[in-house]
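Okay, structure first, notes after.
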């Protein structure tokens with residue numbers, strides 16, 4: 417634990433086999449600096465996670 421629990425629902429076997437996936441991938445659509453407290457907007461989300 418918690419690896420066993422993560423493997424029960426954080427998986428995309430068609431892409432990565434039986435490994436659990438966790439983490440965050442972010443990218444900006446404009447140049448600049450993101451600071452603590454800045455408002456951000458999610459443009460795309462993967463519903464599998």
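Numbering (our numbering), first residue to last: 417 to 465. All C-beta atoms, glycine included, are put in the ideal place defined by N, C-alpha and C.
Taken through DSSP and simplified to helix, strand or coil, residue 444 comes out as coil.
Minimum Cα-Cα distance from residue 461 among the listed residues 447, 442, 455 and 449 corresponds to 442. Going by C-alpha positions, residue 446 is about 14 Å away from residue 454.
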